[in-house]
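Order-wise, the sequence lines are chains C and E. In terms of the working numbering, the first sequence opens at residue 1 and continues consecutively. In terms of the working numbering, the second sequence opens at residue 309 and continues consecutively.
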Amino acid sequence: MAVLLIAEINGGELSADLTAKSLTAARQLGDVTVLCAGAACSGAANEIAAFEGVSKVLCADDPKYGNALAEPVADLIVGIACEYDHVVGPATTTAQNILPRVAALIDSMMISDISAVIDGETFERPIYAGNAVQRVRSRDKTKVITIRTAAYDATGTGNSAPVESLSAAGDPGLSEWLEDRVAENDRPELTSAKIVVSGGRGVGSIEDFSLISSLADKIGAAVGASRAAVDSGYAPNDWQVGQTGKVVAPDLYIAVGISGAIQHLAGMKDSKIIVAINKDEDAPIFQVADFGLVANLFEAVPELTDKL
Amino acid sequence: MKVLVPVKRVIDYNVKVRVRPDGSGVDLANVKMSINPFDEIAVEEAVRLKEAGKAEEVIVISVGVPQAQTVLRTALALGADRAILVHAADDPHTDIEPLAVAKILKAVADEEKPTLILMGKQAIDNDLNATGQMLAALMGCAQATFASGLEVGEGSATVVREVDGGLQVVKVGLPCVVTVDLRMNEPRYPSLPNIQRAKRKPFATITPEELGVDVAPRLEILETVEPPERKAGEIVNSVDELLEKLREETEVV
Ligand SMILES: Cc1cc2nc3c(=O)[nH]c(=O)nc-3n(C[C@H](O)[C@H](O)[C@H](O)COP(=O)(O)OP(=O)(O)OC[C@H]3O[C@@H](n4cnc5c(N)ncnc54)[C@H](O)[C@@H]3O)c2cc1C
Ligand SMILES: Nc1ncnc2c1ncn2[C@@H]1O[C@H](COP(=O)(O)O)[C@@H](O)[C@H]1O
């Protein structure tokens, strides 16, 4: 079967880890062509060509794809979608914005955030914030799917697939990019980090959130946060882990001052080892933690950082 | 301008959802149902636009079983002006898929001609995060998803979107579809007089057939199962003991 994978491109650069993880799922479906749409993205296209199992890369290099606006990118994909049995992408805010639009334009029912491929038309996906898992079958001609990248390992490199250029589609001119407000930091990406340290409302202030960041920096971890911590302004929105934030599955997840609401667990309960530090021994986070420490975080976290 | 707000009736977010042992779905018997939290935020935003003199009318619409009228009443009590129930199912376990909901909303939008459609980014039952994007596609209009900020101007709106890398600001032409994220606002509590008043607000019931939409599902739900259970862990007594465990059990520390 023919699969079109939408590469995750940000400002012309490839998000290699997310693309490589969705490629692992895409390869279970059939022969994979990767679409690389962006501005000045030929470098990204060549990078994708090196991933194992990629048959071909289509590179649509055009300024109008530079900010991945849904309307023009969906039109580009719709122009070639009928050649494929599956159009897939990672369940990122970029692809989740674009692909349902594609699905509606080709009259296909969107299948979001799959965690397993059973066969070419059967998939598993978590529902109810991960409290249940649904197995669904689609008979749509072209199935449109986003992939929960935390459920997959990344495909390796060692290939050199051909790169073809794909001419841009028209610009519907419906929306316009104005600005990105992105805070740069040198930490690993939340969704690809081996260790994540997250802080919750218990941390209490933006100043004290540095306790979390210092612990993370000491062990090369990414920093995450609960919704309450983000809502309270202790951490930026892109650090939020959970049902409405990012889904992560690192080797080690350290939850500090987080109670463990189901909406938070939805984003981290597939981590290999979970550590919880909370002063309330009845906090639900302890029910999923491999190691729980009942302690005041303002004492325990500096001590931990110190001794690591 | 008119604002159309689709609202879905879902299991309340505080309820611990139970999977039926026979794999046929989740248990809905005696379970508290509420307005989808994202949709409540969309209603609040629409009502604020009305209070600011930017919108003339806020219409709320729900697609599903007749019991969905309760979430429409909630939305009316929050300040919406009129409600439309699209009676598309009788069995509460039937979930009308985003593609069908989008087709229904498109048909209603063709009639009502709203300038803005404000809706949730995601229904917390099926977690599909698709209906708004699908509706915008069918309407051939702009979409601004995962919004935490909205400024409506003449002929266009400026929207702050919560994206994986941080925030993105876009300008979209009107009419458009905006799907809201949790940080857009904090919804008010409906007051008692407003709950009373809501009972007298216009309320229409229509069917998908009247709109010419086929709601037959495309996805066949084969089975619904419990997620893998995590084993209960252990409580350590000190930071030193925690470090010892981490050194034993992981390679990362
Ligand atoms: C539709 C919807 C979607 C949502 N999506 C998300 C999501 O994606 N991600 C998410 O995280 N939440 C989400 N939520 C919110 C979720 O329901 C919880 O409200 C939130 O996770 C709580 O965050 P918290 O654990 O930091 O805060 P709280 O629940 O307030 O917990 C704070 C914890 O800190 C502990 N504490 C306090 N002081 C100390 C101290 N000195 N030392 C040690 N421990 C201390 C307390 O014992 C407590 O357990 C969502 C909610 C809804 C309705
Ligand atoms: N049956 C429905 N009735 C009304 N609105 C709905 C319905 N289903 C979805 N929606 C709207 O679409 C949003 C996204 O839902 P979903 O795509 O199912 O995650 C919800 O937050 C609602 O605003």
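Every residue, glycine too, gets a C-beta built ideally from N, C-alpha and C.
*Which listed residue (E:G461, E:L551, E:R555, E:L312) has its alpha carbon closest to that of G387 (chain E)*: Ranked by Cα distance from G387 (chain E), the options E:G461, E:L551, E:R555, E:L312 are led by E:L312.
*Where Y564 (chain E) falls, given that 16 or more other Cβ within 10 Å makes a residue buried*: Because chain E is modelled from 309 through 561, residue 564 (chain E) falls outside the range shown and cannot be assessed.
*Can we say the segment 139-149 of chain C touches the segment 86-96 of chain C, given the rule of at least three CB pairs closer than 8 Å?*
Yes, since at least three Cβ pairs between the segment 139-149 of chain C and the segment 86-96 of chain C fall closer than 8 Å, the two stretches touch.
*Let me know the secondary structure DSSP gives M492 (chain E) once reduced to three states.*
Correct three-state label for M492 (chain E): helix.
*Tell me, please, whether the segment 356-363 of chain E touches the segment 331-347 of chain E by the rule of three or more beta-carbon pairs shorter than 8 Å.*
Verdict: no, contact absent.
*Taking Cβ positions, are C38 (chain C) and D85 (chain C) nearer each other than 8 Å?*
The identity of residue 38 (chain C) in the sequence shown is Gly, whereas the question assumes Cys. In this structure, G38 (chain C) lies away from D85 (chain C), with their beta-carbon atoms at least 8 Å apart.
*Complete runs of the beta strand (DSSP E) confined to the segment 215-302 of chain C [at least 3 residues]*: Listed in chain order, they are 222-225, 252-256, 273-278, 291-294.
*asked:* Given this structure, state the Cα-to-Cα distance separating I319 (chain E) from V275 (chain C), to the nearest angstrom.
replied: One C-alpha to the other measures close to 30 Å.
*In terms of alpha-carbon separation, which member of E:A524, E:L384, E:V409, E:A455 lies closest to P501 (chain E)?*
Here the closest residue by C-alpha is E:L384.
*Would you mind giving the Cβ-Cβ distance between P314 (chain E) and L393 (chain E), rounded to the nearest angstrom? I have them listed as a contact below 8 Å.*
Contact between P314 (chain E) and L393 (chain E) does not hold, since the beta-carbon distance rounds to 12 Å and is not under 8 Å.
*Just curious, the beta strand (DSSP E) that R125 (chain C) is in, first and last residue?*
Element bounds for R125 (chain C): 122-127.
_Simplified DSSP assignment, three categories, for A37 (chain C)_ = Looking at A37 (chain C) - three-state DSSP - the assignment turns out to be strand.
_8 Å CB neighbourhood of A132 (chain C) in its chain, flanking five on each side removed_ = So the list reads P126, once near-sequence residues are dropped.
*May I ask which residues mark the beginning and end of the alpha helix (DSSP H) holding A513 (chain E)?*
The amino acid at residue 513 (chain E) is misidentified as Ala; the sequence shows Thr. Looking at the DSSP string, T513 (chain E) is not in any alpha helix (DSSP H); the run it does join, the beta strand (DSSP E), is 511-514.
_Tell me the rounded alpha-carbon separation between R328 (chain E) and T532 (chain E)._
Between the alpha carbons of R328 (chain E) and T532 (chain E) lies a gap of roughly 8 Å.
*Along chain E, in chain order, which residues have C-beta atoms closer than 8 Å to that of I330 (chain C)?*
A question about residue 330 (chain C) goes unanswered here, because the residues of chain C that appear run from 1 up to 308.
*asked:* I believe G481 (chain E) touches L174 (chain C) by the beta-carbon criterion, under 8 Å. Please report the beta-carbon distance rounded to the nearest angstrom.
replied: The pair is a contact, with the Cβ atoms about 5 Å apart (cut-off 8 Å).
*For N434 (chain E), which three-state DSSP category applies?*
N434 (chain E): coil per DSSP, three-state reduction.
*Partners in chain C for T466 (chain E), counting only beta-carbon separations shorter than 8 Å*: For a Cβ distance threshold of 8 Å, residue set L178 of chain C lies close to T466 (chain E), ordered along the chain.
*asked:* How far does the beta strand (DSSP E) with S456 (chain E) in it extend, from its first residue to its last?
replied: For S456 (chain E), the uninterrupted beta strand (DSSP E) run begins and ends at 450-460, by DSSP.
*asked:* Does any residue of chain E have a CB that is nearer than 8 Å to the CB of K279 (chain C)?
replied: Cβ-Cβ to chain E under 8 Å: no for K279 (chain C).
*Just to confirm, does G432 (chain E) get its C-beta within under 7 Å of one of the non-hydrogen atoms of ligand 1?*
Before going further, note that residue 432 (chain E) is Ile rather than Gly in the sequence given. Result yes, Cβ under 7 Å from ligand 1.
_At the level of alpha carbons, what is the spacing between V409 (chain E) and Y321 (chain E)?_
Here the C-alpha atom of V409 (chain E) lies approximately 22 Å from the C-alpha atom of Y321 (chain E).
_Ranges of the beta strand (DSSP E) found wholly within the segment 6-73 of chain C, counting only runs of at least 3_ = Positions of the beta strand (DSSP E) runs, each at least 3 residues long and wholly inside the segment 6-73 of chain C, are given as 31-38, 54-61 in order along the chain.
*Residue from E:Q476, E:R491, E:L490 with nearest C-alpha to E176 (chain C)*: Comparing Cα-Cα distances from E176 (chain C) to each of E:Q476, E:R491, E:L490, the minimum goes to E:Q476.
*In the DSSP assignment, find the beta strand (DSSP E) that holds P314 (chain E) and state where it starts and stops.*
That run of the beta strand (DSSP E) goes 310-314.
*Determine the closest residue to F209 (chain C) out of C:A161, C:R181, C:I258, C:E179, with distance taken between C-alpha atoms.*
It is C:I258 whose Cα lies nearest to the Cα of F209 (chain C).
*asked:* With a threshold of 7 Å on Cβ separation, who are the neighbours of R555 (chain E) within its own chain once the five nearest residues in sequence on each side are excluded?
replied: The residues are V561.
*Please report the residue range of the beta strand (DSSP E) in which R555 (chain E) lies.*
If you look at R555 (chain E), you'll find it isn't in any beta strand (DSSP E); it sits in the alpha helix (DSSP H) that goes 547-557.
*Closer than 8 Å, CB to CB, is G520 (chain E) near chain C or not?*
For G520 (chain E), no Cβ of chain C is located within less than 8 Å of the residue's own Cβ.
*Counting only runs that start and end within the segment 158-222 of chain C, where is the beta strand (DSSP E) found for 3 or more residues in a row?*
Counting whole runs of 3 or more residues, the segment 158-222 of chain C contains the beta strand (DSSP E) stretches 163-165, 175-181, 195-199.
*Give the straight-line distance between the Cα atoms of V351 (chain E) and G30 (chain C), rounded to the nearest whole angstrom.*
Going from the Cα of V351 (chain E) to the Cα of G30 (chain C) covers about 43 Å.
_Heavy atom of ligand 2 within 7 Å of T92 (chain C) beta-carbon_ = No, the Cβ of T92 (chain C) stays beyond 7 Å of every heavy atom of ligand 2.
*To the nearest angstrom, report how far apart P535 (chain E) and P63 (chain C) are at their CA atoms.*
About 43 Å.
*Would you check if the distance between the CB atom of A44 (chain C) and the CB atom of L14 (chain C) is smaller than 8 Å?*
Yes.
*Using the Cα positions of E52 (chain C) and N159 (chain C), report the straight-line distance between them to the nearest angstrom.*
In a straight line, the C-alpha of E52 (chain C) is about 5 Å away from that of N159 (chain C).
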